[in-house]
Amino acid sequence: MKILELYSKEEVKNLKMGLAVLSAVLVLFFVVFFSRDEISHQDGGSYYQVYARFNRTDGLLVGDVVRLAGMDIGRVVNAKLDNSFKAILTLEINDRVKLPDDSSAAIVSSGIMGAKYIEIEPGGSEDMLSPGSEFSYTQDAMVLEELIERIIGIGKAKRNNQQGDNNQ
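The numbering of the sequence shown is the working numbering, which starts it at 14 and goes up by one.
Shown next as C-alpha cells:
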C-alpha cells in the first residue's frame with residue numbers, strides 16, 4: 014500500500030471508482046456474451062433451410078434467432094455475399110412451422126440497443142415455402158445512426174422553413 018500513499022485521498026478514491034466501473038463493465042460484457050439465446054436442437058425436432066437476401070444486415074450474426082409472432086422458430090446458420098454484394102442468409106426453421114411462400118423476413122432489434130434478430134411476417138398464400146427456397150420479400154436492418162440523421166435533418170428543415178416564413 015506504499016504506492017497508494019503517493020497519491021491524495023481524492024486520487025485514490027477516483028482510482029478505486031474507476032476500477033469498480035471497469036470491473037462492472039467487464040462482468041456485464043461476459044454475461045451478455047456468454048448468455049446469448051441460441052436455439053437448441055435437443056428438442057428432437059427437425060429443421061429445414063430457407064434463404065433470405067438483404068442489402069444490409071448490420072448487427073445480425075450467425076446464430077441469431079428467427080422469430081414468428083414473438084416465438085423462436087429457428088436461427089441464422091450461415092451468411093455469405095452473392096455476386097452483387099448482397100447478403101444471403103441461411104435460416105434454419107423448425108419443421109413444425111410451415112410458412113406461406115409470400116411471407117416476408119425483416120431484420121429488427123429488441124429495443125434501441127438490443128440484439129438483432131429476424132422477424133417473419135407470414136403471408137396469406139395457400140402454398141408453403143419449400144426447403145431450399147428463398148423469401149421474396151425482405152426488409153433490411155435499420156441503422157440507428159441513419160435514423161438519427163434523418164430525424165435531425167427533418168428538424169433542421171422545419172427550423173429553416175420557420176425562419177424563412179418569419180423573414181417574409
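Think of the CB as a built atom: it goes at the ideal place given N, C-alpha and C, for glycine as much as any other residue.
The structure presented is a predicted model; accordingly, all values stated were derived computationally and were not measured.
Between which two residues does the beta strand (DSSP E) carrying Phe67 extend? Counted from its first residue, the sequence shown places residue 67 at position 54. Element bounds for Phe67: Tyr60 to Phe67.
Using DSSP bridges, identify the partner residues of Glu134. Here residue 134 is taken as the residue at index 121 of the sequence shown, counted from 1. Answer is Ser117, bridged to Glu134.
To which residues of the same chain is Phe148 closer than 6 angstroms at the C-beta, ignoring the five residues directly before and after it? Residue 148 sits at position 135 when you count from the first residue of the sequence shown. Answer for Phe148: Ala65 and Ala118, listed in chain order.
Using the C-alpha atoms, what's the distance from Met155 back to Val78? The residue given as residue 78 occupies position 65 in the sequence shown. The residue given as residue 155 occupies position 142 in the sequence shown. Their backbone Cα atoms lie some 17 angstroms apart in a straight line.
Please look up how many angstroms separate the CB atoms of Pro144 and Gln62, rounded, as I've assumed it's under 8 angstroms. Here the question's residue 144 lines up with position 131 in the sequence shown. Here the question's residue 62 lines up with position 49 in the sequence shown. With a Cβ gap of about 6 angstroms, Pro144 and Gln62 count as contacting.
Let's see if you can read the secondary structure: which residues bound the beta strand (DSSP E) around Val79? For the purposes of this step, residue 79 is taken as the residue at position 66 of the sequence shown. Its beta strand (DSSP E) spans residues Val78 to Leu81.
State yes or no: is the C-beta of Asp153 within less than 7 angstroms of the C-beta of Asn96? Position 140 of the sequence shown, counted from the start, is the residue given in the question as residue 153. Position 83 of the sequence shown, counted from the start, is the residue given in the question as residue 96. Cβ atoms of Asp153 and Asn96: not closer than 7 angstroms.
Roughly how many angstroms separate the alpha carbons of Tyr150 and Lys26, rounded to a whole number? The count along the sequence shown starts at 1 and reaches residue 150 at position 137. The count along the sequence shown starts at 1 and reaches residue 26 at position 13. One C-alpha to the other measures close to 56 angstroms.
Please list the terminal residues of the continuous beta strand (DSSP E) segment that includes Arg88. Start at 1 with the first residue of the sequence shown, and residue 88 comes out as number 75. It spans Met84 to Leu94 - the beta strand (DSSP E) in which Arg88 sits, taken as one unbroken run.
State buried or exposed for Tyr130, treating a residue as buried only when at least 16 other CB atoms are found within 10 Å of its CB. Taking the sequence shown and counting its residues from 1, the one referred to as residue 130 is at position 117. Buried, by the Cβ-count rule.
In terms of residue numbering, what span does the beta strand (DSSP E) encompassing Tyr150 cover? Here residue 150 is taken as the residue at index 137 of the sequence shown, counted from 1. Unbroken beta strand (DSSP E) run through Tyr150: Tyr150 to Gln152.
Identify whether Leu39 lies in helix, strand or coil by the three-state DSSP scheme. Residue numbering aside, residue 39 sits at position 26 when the sequence shown is read from its first letter. Of the three classes helix, strand and coil, the one that applies to Leu39 here is helix, per DSSP.
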